[in-house]
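A short worksheet on the structure shown next.
2 protein chains.
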Amino acid sequence: MSAEIICVGTELLLGDILNSNSRYLARELADLGIAHYYQTVVGDNPDRIKKAIAIAVDRAEILIFTGGLGPTPDDLTVATIADFFKTPLSERPEIIADIEAKYARRGRKMTTSDRKQAQLPVGADILPNAKGSAPGIIWQPQANVTILTFPGVPTEMEQMWRTTAVPFLKSQGWGQATVCSRMLKFWGLREVELAEKVAEFLALENPTVAPYANWGEVKLRISARAATPEAARDLMAPVEEKLRHIAGEDCFGADEDTLATVVGQLLRDRGQTLAVAESCTGGGLGHMLTEVPGSSDYFLGGAIAYANAVKVALLGVDAGMLERQGAVSAEVAAAMAAGVRDKFDSDWGLSITGVAGPGGGTDSKPVGLVYIGVAGPGGQCHSEEYRFGSDRDREWIRHLSACSALDGLRRKLL
Amino acid sequence: MSAEIICVGTELLLGDILNSNSRYLARELADLGIAHYYQTVVGDNPDRIKKAIAIAVDRAEILIFTGGLGPTPDDLTVATIADFFKTPLSERPEIIADIEAKYARRGRKMTTSDRKQAQLPVGADILPNAKGSAPGIIWQPQANVTILTFPGVPTEMEQMWRTTAVPFLKSQGWGQATVCSRMLKFWGLREVELAEKVAEFLALENPTVAPYANWGEVKLRISARAATPEAARDLMAPVEEKLRHIAGEDCFGADEDTLATVVGQLLRDRGQTLAVAESCTGGGLGHMLTEVPGSSDYFLGGAIAYANAVKVALLGVDAGMLERQGAVSAEVAAAMAAGVRDKFDSDWGLSITGVAGPGGGTDSKPVGLVYIGVAGPGGQCHSEEYRFGSDRDREWIRHLSACSALDGLRRKLL
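Those protein sequences? They're chains A and B, same order as listed. Each position in the first sequence, counted from 1, maps to that position plus 1028 in the numbering used here. Each position in the second sequence, counted from 1, maps to that position plus 1028 in the numbering used here.
In structure tokens:
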């Protein structure tokens, strides 16, 4: 029993978009223990889609399609699959009702093109789409062939996969074993440094331990294969404990944890509040903090002090000091943190000022130089210098700045 | 004459890495005007690689492989291709010399496994690798089949592609023509609405027009095929003009334009400044505005007024009105916009207040209800209601809110 991923979309053949869906699905199949030997990408062309299906049914039993489910004329996936298996389409009233209800909530009317999304092969089950209009299907058109279709929009596809496809696939017993995994997350050290520290674990066979790095965040993925989820978790637990012991405070969490959720939980535990003062990140730190539902429990708000006049007027930064030290300095970072804490009457103030580039760098203050200030409840105030490197781009420097600010506060809260 | 991209690597089937190589190559093939209808991903397994080759030679004339060229035991691509075409391998002394020279510069010694990289099919030309040790091949093993191989490391692959493969492919005259494209960008209408408005254009053959949608942004990709880039652009220009005419103000730009760059340019042209007041977006609007280098020319900063007390203390929102209307209301949005404009002494004030969810929604103020306020230089102040739908998630509602605020200001500035 093996699966093939078939991504449909001319935009993939033109290189307009990255094929992130195939990566997501590949990882999920690995976790489910379902074998997967081929991926195919094909354009919005019925003849070629049919040729791809003919090849796939010859070498796999589960065909997973993404893309081409929407209302526009180039969305052809479902009709082409039905045609390949010589099955007529029928309009499903429950899908029409679902789309109408979704549109009504947004004050929109359904169009003729929208109705196309309700046309599914006779005999196919609906794979519901909670976030968007186009549903998928789960369909066994002939013995030893099961088809699952998903929209190309990653958020819709992932939600549908988790909610409906995973329980379905598990219920069929197609996974050769249970694979469980856990992602430990780290901040403040490089992937190669972590890999050297935990080198002996990278050679393990079950569980396996593999390092990843993404935008400054370093991860270790622990994966165990066993007969039951409990047995897999029993294999992982002692390895996780040892890895956490080696990494110490550099390990900030696991799986769904983010620096923002971890900082939020620490603040909530202490019944304390936070306000932020941002220059080069322009709101990115506040945005990260408020990605967490319920963050209003501890996050009061902040000042985006992009212009120097705002740093003085709103945060009470001393104009003379700003003039002498420059906006990108340890002194100004500390004054911004203390100023926003006082202005917002919060327990903690967190500030960022730096040169995000690409312009604005000098020999003494190059692109990538960032100061982060933390003002605490006892009146203490501290700032730290970071040099993210002038070869890094604006987006990267701003992201590292916001994450480093959260990490700095996290370590103070521990 | 068409090409197929075949990416070899078990790490792709496990979802450990994103397949960025296929996107790069797809875009390059489009630019060269070489047709490309299929992409295949296959693991480091000789039998399955051979099956993929058998399928590919049946439907394409140019086979482009990435991955599996290195020195380790799972690097099997070249030997498997040679085996498929029943051709022996021979060791190339010039490759041995090249690897030895490269290793000497890094103080390393060549190992037995390294020699494998010099084993190429008899008759194949070397495709030199300036950055790494493993070379590729350019090989015509039989009539109507040309093979090009590249390492999986993107920087090596791209350098080899640009330096050797592109001149080779051009010299063969396989590009049917030059393909140029342009992406028009829209905000404020749905993909299906736009597709219906421009339906007649979606049927064009040269240039082609295709709709895309991503996170609320709708796009039309115009692609033209012609003998020269100038001729292709001449084909596109009248179509773009007609599409822009049909879409009117809903079309905000093309290619690299974003709502933030377009708003920034409009402000810069007028010599005006902007400040923002954010509640549910928590800094996301400021973050978007400051993604643009040089945004300090017109963006002064803002207030993240997450807590109600901040709306009153920092932005001067009337506490009684806040109490009566609630924080999520047209009146508070307008007061926040006017307040931040006055406080920051900017020409424009832009505000967002809403229910991002998942909690906090009520019957009268459901999740997805957002008010956006715009306060202008003449003292005018206006707010607008949006209902993004309670089935949408927090991230999506916050993104739509920030983009809609930018779009609202854009339309006022036009």
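In this text, a Cβ means the ideal position worked out from N, Cα and C, and glycines have one as well.
What residues in its chain sit with their C-beta under 8 Å from that of residue i, if we drop five residues either side in the sequence?
i: arginine 1296 of chain A; result: Asp1325 and Tyr1326
i: aspartate 1435 of chain B; result: Trp1215, Gly1216, Phe1280 and Leu1287
i: leucine 1197 of chain B; result: Leu1060, Ile1062, Ile1090 and Gly1203
i: proline 1182 of chain B; result: Ser1048, Asn1049 and Tyr1052
For the beta strand (DSSP E) containing residue i, list its first residue and its last residue.
i: proline 1149 of chain A; result: 1147-1149
i: tryptophan 1376 of chain A; result: 1376-1382
i: proline 1169 of chain A; result: 1164-1170
i: arginine 1444 of chain A; result: Limits of chain A in this structure are 1029 at one end and 1442 at the other, which puts residue 1444 of chain A out of reach.
i: aspartate 1153 of chain B; result: 1153-1155
i: asparagine 1242 of chain B; result: 1236-1242
i: leucine 1212 of chain B; result: 1206-1214
i: glutamine 1067 of chain A; result: 1063-1070
i: glycine 1389 of chain B; result: No beta strand (DSSP E) contains glycine 1389 of chain B, which DSSP labels as neither H nor E.
i: serine 1030 of chain B; result: 1030-1036
i: tyrosine 1399 of chain B; result: 1397-1403
Starting from residue i, follow the alpha helix (DSSP H) in both directions and report where the run begins and ends.
i: asparagine 1336 of chain B; result: 1336-1343
i: alanine 1255 of chain B; result: Segment: none, alanine 1255 of chain B is in no alpha helix (DSSP H) and carries neither H nor E.
i: isoleucine 1127 of chain A; result: 1121-1133
i: valine 1356 of chain B; result: From DSSP, valine 1356 of chain B is part of no alpha helix (DSSP H); its letter is neither H nor E.
Give the interface partners of residue i over in chain B, defined as CB-CB distance under 8 Å, in chain order.
i: alanine 1333 of chain A; result: Gly1329
i: glutamate 1423 of chain A; result: Glu1319
i: leucine 1459 of chain A; result: Residue 1459 of chain A lies beyond the residue range present for chain A, which begins at 1029 and ends at 1442; the question has no answer from this structure.
Cutting at 6 Å between CB atoms, please list the residues of its own chain near residue i, excluding the five before and the five after it.
i: aspartate 1375 of chain B; result: Gln1300, Thr1301 and Pro1405
i: aspartate 1111 of chain A; result: none
i: valine 1267 of chain B; result: Pro1235 and Ile1250
i: leucine 1294 of chain A; result: Leu1441
i: isoleucine 1154 of chain A; result: Pro1163
i: isoleucine 1425 of chain A; result: Ala1384, Gly1396 and Phe1416
Mind checking whether residue i and residue j have CB atoms under 8 Å apart?
i: phenylalanine 1178 of chain B; j: phenylalanine 1113 of chain B; result: no
i: tyrosine 1052 of chain A; j: valine 1069 of chain B; result: no
i: arginine 1422 of chain B; j: leucine 1397 of chain B; result: no
i: glutamate 1119 of chain B; j: methionine 1029 of chain B; result: no
i: glycine 1382 of chain A; j: serine 1411 of chain A; result: no
i: alanine 1117 of chain A; j: glutamate 1032 of chain A; result: In the sequence as presented, alanine is not what sits at residue 1117 of chain A; that position holds leucine. Not closer than 8 Å, so no.
i: leucine 1343 of chain A; j: alanine 1333 of chain A; result: yes
i: isoleucine 1083 of chain B; j: isoleucine 1083 of chain A; result: yes
i: glutamine 1168 of chain B; j: leucine 1097 of chain B; result: no
i: serine 1392 of chain B; j: alanine 1355 of chain B; result: no
i: leucine 1040 of chain A; j: alanine 1054 of chain B; result: yes
i: glycine 1312 of chain A; j: histidine 1315 of chain B; result: yes
i: serine 1141 of chain B; j: threonine 1100 of chain B; result: yes
i: isoleucine 1175 of chain A; j: valine 1226 of chain A; result: no
Sorry if obvious, but does the Cβ on residue i come closer than 7 Å to a heavy atom of the ligand ATP?
i: threonine 1381 of chain A; result: Absent from the structure shown: the ligand ATP. Ligands present: none.
So, at 7 Å on beta carbons, what are the nonlocal neighbours of residue i in its own chain, with the 5 sequence-adjacent residues on each side left out?
i: leucine 1437 of chain A; result: Val1291, Trp1376, Leu1378 and Val1402
i: glutamate 1319 of chain A; result: Ala1288
i: arginine 1439 of chain A; result: Glu1277
i: glycine 1389 of chain B; result: Val1383, Val1395 and Ser1418
i: glycine 1322 of chain A; result: none
i: aspartate 1283 of chain A; result: Arg1210 and Met1211
Can you check whether the C-beta of residue i is within less than 8 Å of a C-beta belonging to chain D?
i: serine 1048 of chain B; result: The chain labelled as chain D is not found among the protein chains of the depicted structure, namely A and B.
Who are the neighbours of residue i on chain B, taking C-beta pairs under 7 Å?
i: phenylalanine 1112 of chain A; result: Per Cβ cutoff of 7 Å: no residues; phenylalanine 1112 of chain A is ~16 Å from chain B at best.
i: serine 1030 of chain A; result: Here the premise fails: no neighbours, minimum Cβ distance about 10 Å.
Using a C-beta to C-beta distance shorter than 8 Å, which residues of chain A count as neighbours of residue i?
i: aspartate 1419 of chain B; result: Lys1130, Arg1133, Ala1158 and Lys1159
i: alanine 1223 of chain B; result: Pro1099, Thr1100, Pro1101 and Ser1141
i: cysteine 1168 of chain B; result: Cysteine is not the amino acid found at residue 1168 of chain B; the sequence shown has glutamine there. Chain A residues near glutamine 1168 of chain B: none, gap ~24 Å exceeds 8 Å.
i: histidine 1064 of chain B; result: Leu1041
i: arginine 1352 of chain B; result: Those within 8 Å of arginine 1352 of chain B in chain A number zero; the least Cβ separation is about 21 Å.
i: arginine 1055 of chain B; result: Leu1042, Gly1043 and Asp1044
i: glutamine 1145 of chain B; result: The premise fails here: glutamine 1145 of chain B is roughly 24 Å from chain A at the closest Cβ pair, so nothing lies under 8 Å.
At 9 Å on the CB atoms, spell out the chain B contacts of residue i, in chain order.
i: arginine 1051 of chain A; result: Leu1040, Gly1043, Asp1044, Ile1045, Leu1046 and Asn1047
i: serine 1324 of chain A; result: Tyr1334, Ala1335 and Gly1388
Report the neighbours of residue i on chain A: residues whose CB is nearer than 9 Å to its CB, in chain order.
i: threonine 1191 of chain B; result: What threonine 1191 of chain B touches in chain A: nothing, since even the nearest Cβ is about 19 Å away.
i: glutamate 1219 of chain B; result: Gly1098, Pro1099 and Thr1100
Exercise. Would you say the segment 1095-1110 of chain B touches the segment 1072-1082 of chain B, given that touching needs at least three Cβ pairs under 8 Å?
Worked result: yes
Exercise. Per the contact definition of three or more C-beta pairs closer than 8 Å, is the segment 1238-1245 of chain A in contact with the segment 1215-1230 of chain A?
Worked result: yes
Exercise. Counting Cβ pairs, one atom from each stretch, are 3 or more of them under 8 Å apart for the segment 1139-1156 of chain B and the segment 1201-1208 of chain B?
Worked result: Output reads no: the segment 1201-1208 of chain B does not touch the segment 1139-1156 of chain B.
Exercise. Can you find at least 3 beta carbon pairs, one from the segment 1347-1359 of chain A and one from the segment 1348-1366 of chain B, that sit closer than 8 Å?
Worked result: no
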